[in-house]
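Report on the structure given below.
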Ligand SMILES: [Fe+2]
Ligand SMILES: [Fe+2]
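Numbering (our numbering), first residue to last: 326 to 623.
Set out below in structure tokens:
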């Protein structure tokens, strides 16, 4: 546990990070209405939806739909995190309200894009949306640092996801590429905040790594509650985001930022957690090398 004096230092640091986040977010404040191709909207009564109206390849449609469905579950993420921080560090609670307001635009932007451009069947999309919210989401994290470890990984994975899909959608629709780049900027600020909070925790007490190891090793995106999530991810890989990007641009970055290699936990659990993360990274690197060799030989 973080001691009282450490808690005071932590609260002070989180307050500084929250203030910095608010300032940065103000500078890039936006409204999703400005990023949508409203001129493409047509009545579905007069012009019913047909599959042939799609303008994007299926891997990009799947990527946008999966992101939208993940973002739409925001009420459950907020409920869980709010409960986790109840009665705890005050700036964290303020950040959470800000974060919720910033995240709220994402699903609306993606949903409207899919419907306006007729890249999704609006009836199917509505049904999927309802099913997703009915399924909900629940975390099982041990404490606030584990929860923030999860959100840091998830936010950075989302940054890389949006950047990758923005790149591959450029040749089909610049409007979509610009919108995704815009979303990635919000996610980037979220990632920066959560990541710096973790760094502050670890600097004050390296034994906190004990709570990060299970999160790193068992990480699954919040969209995993979709029953066809794995099939979707296989399709999305063709659009430029898959296990390689997750390892190289998410986990490797975080393990470096959290200085897992050099931190010196004093407890046995802490030392074991550090070793567990390092071993897990080795395993993923070997799997990546194996997959690359296999693809070369195909
Ligand atoms: Fe988001
Ligand atoms: Fe985010």
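Glycine included, C-beta positions come from ideal geometry on N, C-alpha and C.
C-alpha gap between residue i and residue j, whole angstroms
i, j, result
"residue 511", "residue 355", "10 Å"
"residue 585", "residue 478", "15 Å"
"residue 481", "residue 575", "6 Å"
"residue 621", "residue 613", "12 Å"
"residue 405", "residue 541", "19 Å"
"residue 364", "residue 568", "37 Å"
"residue 459", "residue 361", "28 Å"
"residue 435", "residue 610", "33 Å"
"residue 468", "residue 332", "14 Å"
"residue 407", "residue 566", "30 Å"
"residue 487", "residue 393", "11 Å"
"residue 580", "residue 370", "52 Å"
"residue 382", "residue 506", "19 Å"
"residue 464", "residue 457", "16 Å"
"residue 570", "residue 577", "10 Å"
"residue 452", "residue 440", "13 Å"
"residue 495", "residue 449", "26 Å"
"residue 402", "residue 596", "31 Å"
Helix, strand or coil at residue i according to DSSP, with G and I counted as helix
i, result
"residue 518", "helix"
"residue 494", "helix"
"residue 532", "helix"
"residue 357", "helix"
"residue 367", "coil"
"residue 588", "coil"
"residue 544", "coil"
"residue 469", "helix"
"residue 400", "helix"
"residue 375", "coil"
"residue 628", "Residue 628 lies beyond the residue range present for the chain, which begins at 326 and ends at 623; the question has no answer from this structure."
"residue 527", "helix"
"residue 551", "coil"
"residue 464", "coil"
"residue 411", "coil"
"residue 424", "helix"
"residue 620", "helix"
Neighbourhood of residue i by C-beta distance below 8 Å, restricted to the same chain and skipping five residues each side
i, result
"residue 339", "414, 416, 417, 420, 522 and 525"
"residue 608", "none"
Classification of residue i by the beta-carbon crowding that lies within 10 angstroms, buried from 16 upward
i, result
"residue 444", "buried"
"residue 400", "exposed"
"residue 485", "buried"
"residue 518", "buried"
"residue 398", "buried"
"residue 385", "buried"
"residue 426", "exposed"
Close-in-space but distant-in-sequence residues of the same chain around residue i (CB under 7 Å, 5 per side omitted)
i, result
"residue 553", "none"
"residue 513", "484"
Neighbourhood of residue i by C-beta distance below 6 Å, restricted to the same chain and skipping five residues each side
i, result
"residue 601", "538"
"residue 336", "414"
> Taking contact to mean at least 3 C-beta pairs separated by less than 8 Å, is the stretch 533-544 in contact with the stretch 582-595?
Replying inline: Proximity of the stretch 533-544 to the stretch 582-595 meets the contact definition, three or more beta-carbon pairs being nearer than 8 Å.
>> Does the structure place the stretch 463-480 close enough to the stretch 492-508 that three or more beta carbon pairs sit under 8 Å?
In response: No: the two stretches stay apart, fewer than three of their Cβ pairs being nearer than 8 Å.
>> Does the contact criterion of 3 or more C-beta pairs under 8 Å hold for the stretch 367-377 versus the stretch 548-562?
In response: No, they do not touch.
> If you pair each beta-carbon of the stretch 378-393 with each one of the stretch 440-456, do three or more pairs fall below 8 Å?
Replying inline: For the pair of segments examined, the stretch 378-393 was found to touch the stretch 440-456: the number of CB pairs separated by less than 8 Å reaches three.
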